[in-house]
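The numbers in numbering that gives the first Met the number 0 rise by one with no breaks, and the one at position 61 of the sequence shown is 60. Glycine is no exception: its CB is placed at the ideal position from the N, C-alpha and C atoms.
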Amino acid sequence: MPDLLLPYLAVIAVLTITPGPDMLLVLRNGVRDGTAAAWATGLGCCTGIAVHAALAVLGLSAILAASSEAFTVVRLAGAAYLVALGVQAIVRSRGAHAVAEERAEEPGSAYRQGLLTNLLNPKIALLFLTLLPQFVADGEPRVATTAVLAAIFLAGALVWWRAFSLLVGPLGRFLSRPRVVAWFDRGTGALLVAIGVRVALERR
Numbered sequence: 000m001p002d003l004l005l006p007y008l009a010v011i012a013v014l015t016i017t018p019g020p021d022m023l024l025v026l027r028n029g030v031r032d033g034t035a036a037a038w039a040t041g042l043g044c045c046t047g048i049a050v051h052a053a054l055a056v057l058g059l060s061a062i063l064a065a066s067s068e069a070f071t072v073v074r075l076a077g078a079a080y081l082v083a084l085g086v087q088a089i090v091r092s093r094g095a096h097a098v099a100e101e102r103a104e105e106p107g108s109a110y111r112q113g114l115l116t117n118l119l120n121p122k123i124a125l126l127f128l129t130l131l132p133q134f135v136a137d138g139e140p141r142v143a144t145t146a147v148l149a150a151i152f153l154a155g156a157l158v159w160w161r162a163f164s165l166l167v168g169p170l171g172r173f174l175s176r177p178r179v180v181a182w183f184d185r186g187t188g189a190l191l192v193a194i195g196v197r198v199a200l201e202r203r
């Protein structure tokens, strides 16, 4: 096991539970469609994390980090996707009756939302590139230790999203009135649009 495991666990715990677009998506889907949708979204997020982690271990993420053009393209694509999700949520909230009819969203759709939100976030690639090497002690095999650290990060994310999805499900039942769901959709949709615009305007 890595020598710096304990401080690494503390860091990834903070990073995992820090609110962001992932948490907003899991919360929104869980409130709308229950625990299964929240968990599907979380699994999508974890799949995206796994892809970024694998690319970082293999050294391929460095290509994205080194190319300003590639980084910008991925960043803008991610921003556009967040805005699209936000606009979709606002449109779906056009009436309480319509929202009630549309609540049963397919788990596959929730999974894709979590997956694409992560895959189109180049900052996750940079996170793995900059974070993991800091916790590889002198004398440790770099590739093997980095792979173990990435696996631990992914395991922590899985545990967190499972626990979060179980908490969100009861909240969704509490907020199950169509009018409340409609306002919740508008609020989370507006936040997703705002986050997408902020990401698009950010400078690297």
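| Asked | Found |
| --- | --- |
| Member of 92, 154 and 51 whose CA lies at the smallest distance from the CA of residue 129 | 51 |
| 8 angstroms Cβ shell around residue 241 - same chain, five flanking residues per side excluded | Nothing can be reported for residue 241, as the shown portion of the chain is limited to 0 through 203. |
| Length at least 3, wholly inside the region 128-165: the beta strand (DSSP E) runs in chain order | none |
| Start-to-end residues for the alpha helix (DSSP H) that takes in residue 92 | Careful: residue 92 lies outside any alpha helix (DSSP H) and carries neither H nor E. |
| Buried/exposed call for residue 180, threshold 16 Cβ in 10 Å | buried |
| Same chain only: Cβ atoms within 7 angstroms of residue 192, ignoring 5 sequence neighbours per side | 82, 85 and 86 |
| Residue 121 versus residue 171: straight-line alpha-carbon distance, rounded | 31 angstroms |
| Presumed contact (8 angstroms Cβ cut-off) between residue 56 and residue 167, rounded CB distance | Actually they are not in contact, since the Cβ atoms of residue 56 and residue 167 sit about 31 angstroms apart, beyond 8 angstroms. |
| Expected contact under 8 angstroms - CB spacing of residue 48 and residue 159 to nearest Å | With 8 angstroms as the limit, residue 48 and residue 159 do not qualify as a contact, their Cβ atoms being about 11 angstroms apart. |
| Unbroken alpha helix (DSSP H) run spanning residue 24, endpoints | 20-32 |
| Own chain residues within Cβ distance below 7 angstroms of residue 142, not counting five before or after | 56 |
| Any non-hydrogen atom of the ligand MG within 7 angstroms of residue 155 CB | Among the components modelled here there is no ligand, and therefore nothing to report on the ligand MG. |
| Residue nearest to residue 43 in terms of C-alpha spacing, selected from 20, 65 and 90 | 20 |
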